[in-house]
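Please read the structure below before turning to the comments.
Protein chains: 2
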Amino acid sequence: VYTINDHNICCIVNSDVVYNITNRLHSCLFDGNTKNIYIIGTGLIGTSLIKRIHNISITDYTFNIIATINTRTMEHEDYGTHTSDLNRFIEFVLTDTYNNKIVVDCTSSNLILNYYDKLLLNNIGIVTPNKKGNTQSYQSFLRYTSYISYKYETTVCAGLPIISTLKNLLLSGDEILSIEGVLSGTLGYIFTQYNNTDKPFIDIVKQAEQLGYTEPNPLDDLNGVDVMRKILILARICGISMELDDVANELFLPPNCINSKTKAEFYSSLHECKPEKKAGFDIHYVASFKQNKASVGIQYVNKAHPLSGLKGNDNMVIITTKLYFKNPIVIQGPGAGAEVTSAGVLSDIIQLTF
Amino acid sequence: VYTINDHNICCIVNSDVVYNITNRLHSCLFDGNTKNIYIIGTGLIGTSLIKRIHNISITDYTFNIIATINTRTMEHEDYGTHTSDLNRFIEFVLTDTYNNKIVVDCTSSNLILNYYDKLLLNNIGIVTPNKKGNTQSYQSFLRYTSYISYKYETTVCAGLPIISTLKNLLLSGDEILSIEGVLSGTLGYIFTQYNNTDKPFIDIVKQAEQLGYTEPNPLDDLNGVDVMRKILILARICGISMELDDVANELFLPPNCINSKTKAEFYSSLHECKPEKKAGFDIHYVASFKQNKASVGIQYVNKAHPLSGLKGNDNMVIITTKLYFKNPIVIQGPGAGAEVTSAGVLSDIIQLTF
Chain Z
1 VYTINDHNIC CIVNSDVVYN ITNRLHSCLF DGNTKNIYII GTGLIGTSLI
51 KRIHNISITD YTFNIIATIN TRTMEHEDYG THTSDLNRFI EFVLTDTYNN
101 KIVVDCTSSN LILNYYDKLL LNNIGIVTPN KKGNTQSYQS FLRYTSYISY
151 KYETTVCAGL PIISTLKNLL LSGDEILSIE GVLSGTLGYI FTQYNNTDKP
201 FIDIVKQAEQ LGYTEPNPLD DLNGVDVMRK ILILARICGI SMELDDVANE
251 LFLPPNCINS KTKAEFYSSL HECKPEKKAG FDIHYVASFK QNKASVGIQY
301 VNKAHPLSGL KGNDNMVIIT TKLYFKNPIV IQGPGAGAEV TSAGVLSDII
351 QLTF
Chain W
1 VYTINDHNIC CIVNSDVVYN ITNRLHSCLF DGNTKNIYII GTGLIGTSLI
51 KRIHNISITD YTFNIIATIN TRTMEHEDYG THTSDLNRFI EFVLTDTYNN
101 KIVVDCTSSN LILNYYDKLL LNNIGIVTPN KKGNTQSYQS FLRYTSYISY
151 KYETTVCAGL PIISTLKNLL LSGDEILSIE GVLSGTLGYI FTQYNNTDKP
201 FIDIVKQAEQ LGYTEPNPLD DLNGVDVMRK ILILARICGI SMELDDVANE
251 LFLPPNCINS KTKAEFYSSL HECKPEKKAG FDIHYVASFK QNKASVGIQY
301 VNKAHPLSGL KGNDNMVIIT TKLYFKNPIV IQGPGAGAEV TSAGVLSDII
351 QLTF
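Chains as they are written, first to last, in the numbering used here: chain Z, 1 to 354; chain W, 1 to 354.
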């Protein structure tokens, strides 16, 4: 209910949203360009983000890092340093009187997800590269993404413009026919090396580990679960109600590798892993979404296929739509790493509105 | 000057912006998702846009096409059909009492540019695939782009996410080291054909014309001016004060072609045009921006270069930055055509805020 004339705008709202609306209006009129940031997780990405925020020279925005927390301690601009206590940290976020509060979840943990709903409901923004939030139940994905103040571009291929491109295509009324690509820099690197050398598969995996391209235990890359999460997110953005279990994962590792409990056990069985090569084709670990089905696994692509142009530890995403049908949109580049991820996170922080 | 408590937000503004602010506040509180659209130009892109808007099934937004104008007639939802009169059309736009008014400049003409400032100043949005606006003086580029309600993603490579990606990189504090690419689908097609066949250059140009890939007179593609405009826009987005004349254009056409006045004259000299091929290299018409300098012209790229993967009439843009240094971001796909352009325009309309 509202009336409007040249002198007044009057709007009647339910009393329970008065605080929220007043805050929003205040942001909108006065200091929409101040961002008050709470960082959860100060590992590689969190640390890189803090450095990036301190060094940024954009004068249009003011960035205040109000508080940070890791598994050991938490620091708050106003309340000093304390032993880590996530509940108390979230209480700070909820009750601090700053405007435009944004929580950045730089963990890869499930722990923070318990607070997402409460934060978003209280008009606190969330920016996250953490894939876990988007890959719980489809219902929670729908809930989170119903808030414009929830930004998650970096959950797929870090700073590469995959999610925004997909969303823009959908917004404009285009229809996504298929998404395929190499969504893991680690697996991209391993298979590119495997295609172009005669080295045994196990040697290439060890080399990738030595170069710092893998998780602490490379099994966590090679089992494909991370890639499943990424293609699941893209499928869900396309409006498909799908759970992680619905993503088909054709394993190429020997069972002993998959079931290994330690890195030593993993490597002791990996020498049996010899993915078959085919003349005239490259072998790649491809995620694909097509006809409402998602899958991850080894695929053979001919030399004319965009994926055969993959280099180093690049990611590549190929989006075929009703409009981009004969020739798809292809986006390629580094899709992991603390620096490019934190840059993407900062870009999300800047674009976040309430 | 403002005061705020739990019950009131009071803000004192200059009387000359009261109308503008009241409008903005109204959009912000009540119907930010209604878009009232005025379309200038009903050629291929304009017509495709109108069809797209009529067919769109997004329920979050309401799109009203209030009026359209072409060189012959104009139609207004409330005032009916009239002989085309651009001044009067703009008066409609300025005085109509709708909120969230957006003018879409689907022409390739200079005529509309005279009104850009007045429209933007009056809080009317502009969405445009028309490169002319962004390639006048650097000062006018700065003026237009200082408004968030000016959207121009489709001025470079149509619906491909080039401008948004560049802006996001810059926002996040990254530094652009170079941009290079094939920014013309026409020239991409012509040189890909030239690389992969033994046909004379002139035959390939004629073939491209027959396929509808060229301007009415192919000289308008081959003189590189359109590509100059595109790389100029990208350079300006990077913050470089540069004019169209500052873009180096190394012509590869014989002087008689360049100076030809008609298509017949153009073709009669084109048979002299035989760009030299080099073994092991592909030849492409490349736009590049590097070390604050922009240029367009023929370049030889080796088979490992991303551009050698170019297909059909695709565009390709390669962005190398401080963060994406070893491996650049590569975006490839169709970068022209009424359908993908109008989809990009619609995406801009949806994202436009005041």
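Virtual Cβ for every residue (Gly too), placed ideally from N, Cα, C.
Any idea what DSSP makes of residue i, helix, strand or coil?
i: L44(W); result: helix
i: P422(W); result: With chain W covering only 1 through 354, there is no way to say anything about residue 422(W).
i: T262(Z); result: coil
i: N249(W); result: strand
i: V1(W); result: Confidence at V1(W) is low in this model, with a pLDDT of 43, below 50, so its placement is unreliable and the value that follows should be read with caution. Looking at V1(W) - three-state DSSP - the assignment turns out to be coil, as it is neither helix nor strand.
i: I176(Z); result: strand
i: C238(Z); result: coil
i: G257(W); result: One point to set straight first is that residue 257(W) is Cys, not Gly, in the sequence displayed. Of the three classes helix, strand and coil, the one that applies to C257(W) here is helix, per DSSP.
i: I112(W); result: coil
i: I357(Z); result: Any property of residue 357(Z) remains undetermined from this structure, which presents chain Z solely from 1 to 354.
i: V156(Z); result: coil
i: S57(W); result: coil
i: L219(Z); result: helix
i: Y324(W); result: coil
i: N122(W); result: coil
i: N168(Z); result: helix
i: G212(Z); result: coil
i: G224(Z); result: coil
i: F354(W); result: coil
i: L51(Z); result: Looking at the sequence itself, residue 51(Z) is Lys, so the reference to Leu does not match. Three-state result, K51(Z): helix.
i: T274(W); result: A small correction: the amino acid at residue 274(W) is Lys; Thr does not occupy that position in the sequence shown. Three-state result, K274(W): coil.
i: D203(Z); result: helix
i: T135(W); result: coil
i: S308(Z); result: helix
i: D117(W); result: helix
i: N87(W); result: helix
i: D348(W); result: helix
i: I292(Z); result: Checking the sequence shown, residue 292(Z) turns out to be Asn, not Ile. Note: N292(Z) maps to coil in three-state DSSP.
i: N70(W); result: coil
Give the DSSP bridge partners of residue i, in chain order.
i: I37(W); result: I65(W) and I102(W)
i: N302(Z); result: F281(Z)
i: P334(Z); result: D314(Z)
i: N343(W); result: In the sequence as presented, Asn is not what sits at residue 343(W); that position holds Ala. Its beta-bridge partners do not exist; DSSP assigns none.
i: V127(Z); result: V104(Z) and K151(Z)
i: G297(Z); result: V286(Z)
i: G80(W); result: H76(W)
i: G181(W); result: A287(W) and V317(W)
Inset, instruction - Indicate whether the contact test is met: 3 or more Cβ pairs, each with one atom in the region 346 to 354 of chain W and one in the region 162 to 182 of chain Z, closer than 8 angstroms. - result: yes
Legend entry - Touching by the beta-carbon criterion (3+ pairs, under 8 angstroms), the region 252 to 262 of chain Z and the region 300 to 315 of chain Z: no
Legend entry - chain Z contacts made by the region 182 to 199 of chain W, where a contact means CB separation under 8 angstroms: none
Legend entry - Near-chain Z residues of the region 307 to 321 of chain W - C-beta to any C-beta below 7 angstroms: Across the region 307 to 321 of chain W, CB contacts with chain Z closer than 7 angstroms involve G309, K311, G312 and D314, in sequence order along the chain.
Inset, instruction - Please name the residues in the region 58 to 82 of chain Z whose beta-carbon is closer than 8 angstroms to at least one beta-carbon of chain W, in chain order. - result: I58
Inset, instruction - Decide yes or no for the touch test of the region 280 to 300 of chain W against the region 146 to 165 of chain W: beta carbon pairs closer than 8 angstroms, at least 3 of them. - result: no
Inset, instruction - Say whether the region 332 to 347 of chain W touches the region 178 to 190 of chain W, bearing in mind that this needs 3 or more beta-carbon pairs closer than 8 angstroms, one atom from each stretch. - result: Result yes; three or more Cβ-Cβ pairs closer than 8 angstroms.
Legend entry - Under 9 angstroms (Cβ pairs) to chain W, residues found in the region 138 to 152 of chain Z: none
Inset, instruction - With 8 angstroms as the limit, tell me which residues of the region 148 to 177 of chain W have their beta carbon closer than that to any beta carbon of chain Z; keep them in chain order. - result: G159, L160, P161, S164, T165, N168, L169, L171, S172, G173 and D174
Legend entry - Touch test, the region 47 to 56 of chain W against the region 73 to 80 of chain W, Cβ-Cβ under 8 angstroms, three pairs minimum: no
Inset, instruction - Please determine if the region 262 to 274 of chain Z and the region 235 to 246 of chain Z are in contact, where contact requires at least 3 C-beta pairs separated by less than 8 angstroms. - result: no
Legend entry - Stretch pair the region 193 to 208 of chain W + the region 264 to 283 of chain W: three plus CB contacts closer than 8 angstroms: yes
Inset, instruction - Report the residues of the region 321 to 338 of chain W with a CB closer than 8 angstroms to any CB of chain Z, ordered along the chain. - result: L323, Y324, K326, N327, P328, I329, V330, I331, Q332, G333 and P334
Legend entry - Residues, ordered as in the chain, of the region 216 to 241 of chain W that lie near chain Z by beta-carbon distance below 7 angstroms: none
Inset, instruction - Take every Cβ of the region 96 to 104 of chain W, pair it with every Cβ of the region 123 to 138 of chain W, and state whether three or more of those distances are shorter than 8 angstroms. - result: Yes: the two stretches touch, three or more of their Cβ pairs being nearer than 8 angstroms.
Inset, instruction - Determine, using beta-carbon pairs with one atom in the region 57 to 71 of chain Z and one in the region 34 to 41 of chain Z, whether at least three such pairs fall under 8 angstroms. - result: Touching, yes, given that three or more Cβ pairs across the two stretches are closer than 8 angstroms.
Legend entry - Sufficient close CB pairs (3 or more, under 8 angstroms) joining the region 56 to 63 of chain W to the region 85 to 93 of chain W: no
Legend entry - Members of the region 115 to 128 of chain W near chain Z, C-beta cut-off 8 angstroms: none
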